[in-house]
Amino acid sequence: MTARALQRLPSDCTVDDIVEANERDGGVIVDGWLNPRLLAQFNHELSPWLDQHDGTNSGSEASDSFLGLRTKRLQGLCMKAPSFLDIMLDDKIIGFAEAVLGPIGPTIILNNGEVIDIGPGESAQPIHRDDDAWNFANTSNPMIVNTIAALVDVTPQMGATLVAPGSHRWDRDRMPTKDEIVACDLPAGSALFFRGDTLHAGGTNTTNRRRRALSTGLCCGWLRPVENSYTNIPIDTVKSFPRRAQELLGYALYDASEVGGGYLGYHDMGDPMRLFE
Ligand SMILES: O=C(O)CCC(=O)C(=O)O
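Sequence positions in the sequence shown follow the numbering used here and run 129 to 405.
Written out as structure tokens, the structure reads:
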């Protein structure tokens, strides 16, 4: 059976619309999520970093091959491209994360803020679930939500994200057939919002253009995130950020006492947010 394309929502959609579509399909496209001014500013800030980027070199061949040998990736965005803060603090992404992850944790943190710039000739990634980074966890609820925002116009031929709609409800070992996968074409500024239990991958780039996109993922406050923001962003820089950004970067004490849990992430037996007072 051929996969149904993901629903497209307008930029004035609500968090409930995003959550509802995700509940049904495992992902949804929000057109015009990033406004043109923010998009232009963010691209401007990124350009020097991408120009001087030497390509993937994580120190592990297996990891490099998954991340893409013809793909440039950047983390530490709050420092490299400060307008990322506005993206990370966007109401829709935070509302989406709180709604989906709330059942298994009272607070959320940044999993990754990562530019994924897929170059010509790159092949598609293996299809995967973001939740599988924590492969022993086996929770019944996703542990992360992610967004892939197009920073340039992205066509299916340029390595658009591939998604298997509905796969968040499949048995864990079921893989999609070709017909069950859709490529998300995204005009610049539009974004795919999806859950950590949805099968997806970066696609093949058969063009001579680069596919510049941004992955902003949020996860449960009790998880060790994919990106290490403590080392990627100097603490003196974090000091100047709004309180909510400091919390999302993992500095707030995780407090699950009201839901039968405990405290995680002490600094000197207290809340690390004291460092910013
Ligand atoms: O680049 C994309 O569209 C998806 C990337 C992805 O899924 C990943 O790197 O894990």
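All C-beta atoms in this analysis are idealised placements derived from N, C-alpha and C, irrespective of residue type, glycine included.
| query | result |
| --- | --- |
| For VAL310 and PRO270, believed in contact at Cβ under 8 Å, the rounded distance | The Cβ separation is near 20 Å, so there is no contact. |
| Closer than 6 Å: GLY324 CB and nearest ligand 1 heavy atom | no |
| Exposed unless 16 or more other CB atoms sit within 10 angstroms - verdict on LYS200 | buried |
| CYS348 versus ARG402: straight-line alpha-carbon distance, rounded | 22 Å |
| Contact belief for ARG323 with GLY154 at Cβ below 8 Å, rounded distance in angstroms | 6 Å |
| Per-residue DSSP class, three states only, for MET286 | strand |
| THR359 (DSSP reduced to helix, strand or coil) | helix |
| Coarse secondary structure for LEU346, derived from DSSP in three states | strand |
| Distance CB(ASP159)-CB(ARG132) smaller than 7 Å | no |
| At least three beta-carbon pairs within less than 8 Å, the segment 282 to 291 to the segment 339 to 357 | yes |
| LEU279 versus VAL291: straight-line alpha-carbon distance, rounded | 19 Å |
| Extent of the continuous alpha helix (DSSP H) to which GLU375 belongs | 371 to 376 |
| Selection from ASN356, ILE236 and ASN333 that minimises the alpha carbon distance to ALA384 | ILE236 |
| Beta-carbon proximity check, LEU195 vs ALA373, cutoff 7 Å | no |
| For PHE224 and PHE369, believed in contact at Cβ under 8 Å, the rounded distance | No, PHE369 and PHE224 are not in contact; Cβ-Cβ is about 21 Å, not under 8 Å. |
| As assigned by DSSP and simplified to three states, the class of PHE314 | Reading off the sequence, residue 314 comes out as Leu, not Phe. Strand. |
| CB of ILE276 within 7 Å of CB of SER343, strictly | yes |
| Cα-Cα separation, VAL380 to GLY230 | Going by the sequence as given, residue 380 is Ala instead of Val. The straight-line gap from Cα to Cα measures roughly 17 Å. |
| Backbone CA spacing between ASP259 and TRP298 [nearest angstrom] | 14 Å |
| DSSP-derived helix/strand/coil call for ASN333 | strand |
| Own chain partners of THR418 with C-beta closer than 6 Å, once the 5 adjacent residues on each side are dropped | The structure shown does not extend to residue 418, since the chain spans only 129 to 405, so no value can be given for it. |
| GLY330: CB within 6 Å of a non-hydrogen atom of ligand 3 | The model depicted lacks ligand 3 and carries ligand 1 instead. |
| Closest Cα partner of PRO400 within the set GLU386, GLY378, VAL387 and GLY389 | GLY378 |
| Nearest neighbour of ASP179, chosen from GLU189, LEU166 and GLY247 [CA to CA] | GLY247 |
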